[in-house]
Structure formats: C-alpha cells, structure tokens
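Peer 1:
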Amino acid sequence: KAGVTQTPRYLIKTRGQQVTLSCSPISGHRSVSWYQQTPGQGLQFLFEYFSETQRNKGNFPGRFSGRQFSNSRSEMNVSTLELGDSALYLCASSLARVRGEQFFGPGTRLTVL
Amino acid sequence: SQQGEEDPQALSIQEGENATMNCSYKTSINNLQWYRQNSGRGLVHLILIRSNEREKHSGRLRVTLDTSKKSSSLLITASRAADTASYFCATVFGTSGSRLTFGEGTQLTVNP
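Protein chains in written order, with my numbering: chain C, 1 to 113; chain B, 114 to 225.
(1) With burial defined as no fewer than 16 other Cβ atoms inside 10 Å of the residue's Cβ, what is the status of L90 of chain C: buried or exposed?
(2) Answer with buried or exposed for H230 of chain B, where buried requires no fewer than 16 other C-beta atoms within 10 angstroms of its C-beta.
(3) According to a CB-to-CB cut-off of less than 8 Å, which residues of the region 115 to 147 of chain B neighbour chain C?
(4) Please report how far the alpha carbon of V223 of chain B lies from the alpha carbon of Q18 of chain C, in whole angstroms.
(5) Pull up the distance between the alpha-carbon of R149 of chain B and that of G210 of chain B, whole angstroms please.
(6) With three or more beta-carbon pairs closer than 8 Å as the criterion, would you say the region 26 to 33 of chain C touches the region 42 to 52 of chain C?
(7) Just verifying my parser: in three-state terms, what is the DSSP assignment at G66 of chain C?
(8) Could you pull the DSSP bridge partners for L161 of chain B from this structure?
(9) In chain order, what residues of the same chain lie with their CB nearer than 7 Å to the CB of S70 of chain C, ignoring the 5 residues before and after it?
(10) To the nearest angstrom, how far is it from the Cα of G129 of chain B to the Cα of F104 of chain C?
(11) S94 of chain C and E101 of chain C look like a contact to me (Cβ under 8 Å); what is the Cβ gap, rounded to whole Å?
(12) Return yes when the Cβ of S137 of chain B is within less than 7 Å of the Cβ of S184 of chain B, no when it is not.
(13) Along the region 167 to 201 of chain B, where does the CB come closer than 7 Å to a CB of chain E? Name the residues.
(14) Does L156 of chain B have its Cβ less than 7 Å from a Cβ in chain C?
(15) Should S114 of chain B be labelled buried (16 or more other beta-carbon atoms within 10 Å of its own) or exposed?
(16) Taking DSSP as the reference, what is the three-state secondary structure of L113 of chain C?
(17) Please classify L11 of chain C: does DSSP put it in a helix, a strand, or coil?
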C-alpha cells in the first residue's frame, strides 16, 4: 500500500505570495491532519479534516486554510506569505477519528524569501 | 504552548547502550504516542500507549506511562547507529479527534 504523498517536496516563494500544498493520504484513510514544523516552535497542529469537514483547527491565523476532497486528498493554502512561514509542512493520515496512530508524509519544505 | 516537554533535549550514547527519553504533559490524555524523525523527514510512528495502560513493549522499545505524574518514558535497548534520530512524544486528548500535541523532542545520537 502506498504511503502518504506530499507535493511538492520543496518550494521557494517570496513574501506576499501564496502557496498551495497537496497531500494524498493512504488509500482508505479518511482523516488528514496538517502540521507545521519549525526550529523555534517545534511541531504544531494546523488542522484536521475528516470526510471533507474540518474537525479541528490549531492556533494559526486565517492566512492558513485547507480543504479535503471527496477522495480524501487534502490541500492547504497559505496566503500573503511571511518569512516566518518558512517551515516543513507535514501531512498525516489515519483510518478514522479513533485517536490512533497517524501516518506521516515526507513533508513539503517551504522557504519564504 | 506545547503540551509536552521532553528531556533530555539531546542524548549521545555508544552502540549497544540503552537510551531513555522522558516526556511530561500537562492535561489528561486519551493516549500518548512516540514518533521518530530522521533528519527533517516525515515522522514514523513507534508505539501508542493508552491512558489505562502502564507499560508497553515493541521489539527493542519499552514505553511506560504514569498518569498520576503525567509522564512517560521511552527506552530503546541495545541501541544501534540507525537509531540516530529525533524522538517525539505526542498526546491525544479526549475531545481533540486525531490531533497530536507534540513535545519538543529528544535528539538521539548513537555512536558506532
């Protein structure tokens, strides 16, 4: 079974631009979560989607948004990029909202110049 | 702020030695999970322990959970150079769905 895939793997943007990151969960997984990882703040939860509905949201500004499609694939969007948005963005999927283990993708490394 | 705090922040040992990492958290949990991350890549799930469990084993891994002290420890026995990675504990709360709240992580270096 293929793992969680994320595209693109690396991205360089400039301040003020917007970016869309994509995540394809493991087949059959309906829950997709997004995390931001930075050296200063560590791993922080962005949001969780289950069956196309956002079920949880972390403490991030409204510039960060996401969605999930009927095939469980998910995208997250960051608008008006700031230097501090430079981070590794990780997507994770799980079978259902059973609070079990999550399967992480390799991440998208976003650099904002 | 992060729910969990881990110590030590960094640990350097020789191959064959045991490595122990500790994690503390602040509120009641549904379960606690440990993940490994190699060099800024994705996280790999290692083990999950539920709030009503006290100890769990998986291969060379042993996890304990003390809910009265709100702490957990991960023991890696007979460490190998390939165990070099960052290790994170993550907690799940009752109403948080699948949301993981991570600790700060321990950077483990196993020297050959």
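Note that the Cβ used here is the ideal one computed from N, Cα and C, for glycine as well.
Peer 2: In short:
(1) By the neighbour-count criterion, in which a residue is buried when 16 or more other Cβ atoms sit within 10 angstroms of its Cβ, L90 of chain C is buried.
(2) No answer is possible for residue 230 of chain B: the residues shown for chain B start at 114 and end at 225.
(3) Here the close residues are Q115, N143, N144, Q146.
(4) Going by the C-alpha atoms only, they are around 41 Å apart.
(5) Approximately 22 Å between the Cα atoms of the pair.
(6) Between the region 26 to 33 of chain C and the region 42 to 52 of chain C, the count of C-beta pairs closer than 8 Å reaches three or more; the two stretches touch.
(7) Correct three-state label for G66 of chain C: strand.
(8) Per DSSP, B:Q146.
(9) Correct list, in chain order: E52.
(10) Answer to the nearest angstrom: the Cα atoms are 29 Å apart.
(11) Yes, S94 of chain C and E101 of chain C are in contact; Cβ-Cβ is about 7 Å, under 8 Å.
(12) It is a contact, given that the beta carbons lie within the stated cut-off.
(13) Absence of chain E from the displayed structure is noted, the protein chains being C and B.
(14) Taking Cβ atoms only, chain C reaches closer than 7 Å to L156 of chain B, which makes this a yes.
(15) Unreliable positioning characterises S114 of chain B in this predicted model, as indicated by a pLDDT of 42, which lies under 50. The coordinate reading is nonetheless provided below. By the 10 Å Cβ count, S114 of chain B comes out exposed.
(16) Looking at L113 of chain C - three-state DSSP - the assignment turns out to be coil, as it is neither helix nor strand.
(17) It is a strand residue.
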